[in-house]
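Novice: Numbering (full-length UniProt numbering), first residue to last: 1 to 288.
If you scroll down you'll find the structure; I have some questions about it.
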């Protein structure tokens with residue numbers, strides 16, 4: 001058993017195919033407006049407002065609505081109005097799977113009940129870093145903010161899987177790494193597929209289509225994403241009295257074999273689960 005999305009749960013049970021999940025997620029994306037899109041539709045925000053809020057979010061861990069209130073762009077009453085409008089038109093993944101013909105309306109309640117039972121033990125779970133890893137509080141922040149920034153920057157829901165120690169950094173199409181210094185000594189690694197790199201590019205560039213972008217630009221957007229994550233980590237760690245400095249990010253393409261863990265270091269690994277059953281890998285290589 002592990003933390004997962006409903007679609008991933010059904011896929012592992014053999015109830016639906018990955019193609020069906022992708023269709024359902026695409027349907028969701030076409031129907032469900034993000035907070036900012038809803039605010040635009042209600043004429044409570046402008047494109048200029050959203051850019052200002054997004055820019056501020058890159059250096060502070062606040063949701064879009066909370067940041068808009070902090071900047072004086074929206075009131076709390078307007079936030080409630082936007083959330084209420086969002087909820088009225090929200091399409092859940094189970095309903096989307098029914099609409100694309102992957103499930104019947106009669107089957108859905110039973111599978112939802114099974115899924116709830118499967119995930120019950122994770123309902124109040126928190127990030128737990130193994131005791132032998134130094135500066136555990138900083139790595140908890142790293143994991144938490146990575147998942148949050150997938151939601152805020154990329155617009156993709158992300159759930160952290162169980163933390164574990166590994167003897168190799170998992171490989172993927174691209175690994176973006178960034179050294180963390182100051183009061184800690186570590187390297188942050190985010191491994192993503194080419195398809196996830198495209199989603200990250202859309203979020204970072206704020207573009208609907210990135211097909212015309214070069215490989216270098218697409219890679220750079222992943223580097224910018226990890227820079228945003230780690231910048232937020234440094235800011236949040238500072239609030240807790242921890243000194244974290246970030247160095248320029250670098251990219252690697254080691255292939256499926258991954259990368260070795262340097263001698264004298266310990267590697268903390270988190271699988272990152274996404275709604276379309278895709279996965280990214282976060283590995284924090286901490287020097288002892």
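A virtual CB, placed ideally from N, CA and C, is assigned to each residue, including glycine.
1. Return the CA-CA distance between residue 238 and residue 244, expressed in angstroms with no decimal places.
2. So what does DSSP say about residue 128, is it helix, strand or coil?
3. Does the beta carbon of residue 176 fall short of 7 Å from some heavy atom of the ligand NAP?
4. Output the residue ranges of the beta strand (DSSP E) runs that lie fully inside the region 42-101 and measure 3 residues or longer, sorted by chain position.
5. Looking at the structure shown, is residue 212 part of a helix, part of a strand, or coil, going by DSSP?
6. Rounded to the nearest angstrom, how far is the Cβ of residue 153 from that of residue 203, given a contact under 8 Å?
7. Buried or exposed: which applies to residue 39, given that a residue is buried once 16 or more other Cβ atoms fall within 10 Å of its Cβ?
8. Measure how close the beta-carbons of residue 256 and residue 155 come, nearest whole angstrom, since I'm counting them as under 8 Å.
9. Identify, in the order they occur along the chain, each residue of the same chain with its Cβ nearer than 7 Å to the Cβ of residue 186, setting aside the five sequence neighbours on each side.
10. Does the count of Cβ pairs from the region 245-264 and the region 195-214 closer than 8 Å reach three?
11. Counting C-beta neighbours from all protein chains within 10 Å, is the total for residue 282 16 or more, i.e. buried, or is it exposed?
12. Assign residue 76 to buried or exposed, taking buried as 16 or more other Cβ atoms, counted over all protein chains shown, within 10 Å of its Cβ.
13. Based on DSSP bridge pairs, tell me the residues matched to residue 5.
Specialist: Walking through what the data contain:
1. Position 238 of the chain shown, counted from the first residue, corresponds to residue 238. Position 244 of the chain shown, counted from the first residue, corresponds to residue 244. Their Cα atoms are separated by approximately 7 Å.
2. The residue given as residue 128 occupies position 128 in the chain shown. In the structure shown, residue 128 sits in coil (DSSP, three-state: anything other than H, G, I, E or B).
3. This structure lacks the ligand NAP; in fact it carries no ligand of any kind.
4. none
5. Here the question's residue 212 lines up with position 212 in the chain shown. Three-state result, residue 212: coil.
6. For the purposes of this step, residue 153 is identified with residue 153 of the chain shown, where counting begins at 1. For the purposes of this step, residue 203 is identified with residue 203 of the chain shown, where counting begins at 1. That pair is a contact at about 5 Å.
7. Within the chain shown, residue 39 is the residue found at index 39, counting from 1. Around the C-beta of residue 39, 16 or more other C-beta atoms lie within 10 Å, and the residue is accordingly described as buried.
8. By 1-based counting over the chain shown, the position of residue 256 is 256. By 1-based counting over the chain shown, the position of residue 155 is 155. Not quite, the Cβ-Cβ distance comes to about 28 Å (not below 8 Å), so this is no contact.
9. As a first step, residue 186 must be located in the chain shown, where it is residue number 186. Around residue 186: 180, 284, 285, 286, 287.
10. no
11. On the chain shown, position 282 is the one that residue 282 refers to. The residue is buried, with at least 16 neighbouring Cβ atoms inside 10 Å.
12. Looking up residue 76 in the chain shown gives position 76. Result: exposed.
13. As a position in the chain shown, residue 5 is number 5, starting the count at 1. According to DSSP, residue 5 bridges with nothing at all.
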